[in-house]
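Numbering (our numbering), first residue to last: 4 to 153. Below is one structure, written out as structure tokens; the observations come after it.
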């Protein structure tokens, strides 16, 4: 009988030890995951700000250089981008964040051709993510045309 009591006690001690370890480990892991999500959103916001600024600066640069000027860029679009919209005087990226949709925008002064106004999409009709090529060139009338996807 004494042998079985010792086995039962050892099993109980093992379960208690594992339980105590889990009590300490699970909250730490949850804190790490929440912190990683916040850093990801912060990084994607900085990345989106960089993308809209690069696109707007490229439009302005090609517009200033005049007819026949061109420029090719590669932008790194965040994975949580819902859409990229280029209007007549503004570039907007909408990001999906834990606090809801967030718009990152910047304006430009260059004259944009009407064919270049609208949403930037990939072949599937959704916002691209990752490295994405864009080509800007000025027409004879000075308007800037944007070609997406290389």
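Think of the CB as a built atom: it goes at the ideal place given N, C-alpha and C, for glycine as much as any other residue.
The beta carbon of residue 132 sits closer than 7 angstroms to those of 80, 81, 82 and 84, all from its chain and outside the five residues before and after it, given in chain order. A direct Cα-to-Cα measurement between residue 74 and residue 99 gives close to 30 angstroms. Residue 110: member of the beta strand (DSSP E) spanning 103-110, first to last residue.
Contact holds between the region 145-152 and the region 111-121, because three or more Cβ pairs, one in each stretch, are under 8 angstroms apart. Residue 137 counts as buried, since at least 16 other C-beta atoms from the protein chains shown sit within 10 angstroms of its C-beta.
Here residue 99 carries a strand assignment [DSSP, helix/strand/coil]. A straight line joining the alpha-carbon of residue 20 with that of residue 33 spans about 20 angstroms. For residue 77, the uninterrupted beta strand (DSSP E) segment begins and ends at 73-80.
For residue 84, the enclosing beta strand (DSSP E) covers residues 84-89. Look at the region 107-147 and you find no whole run of alpha helix (DSSP H) that is 4 residues long or longer. From the listed residues 141, 26 and 25, the smallest Cα separation to residue 63 is found for 141. Under a 10 Å Cβ-count criterion, residue 27 is classified as exposed, with fewer than 16 other Cβ atoms of the shown protein chains found around its own Cβ. In this structure, 90 is the residue among 90, 127 and 13 with its C-alpha nearest to the C-alpha of residue 58. In its chain, beyond the 5 residues on either side, 51, 54, 55, 84, 87 and 107 have a beta carbon closer than 7 angstroms to the beta carbon of residue 96.
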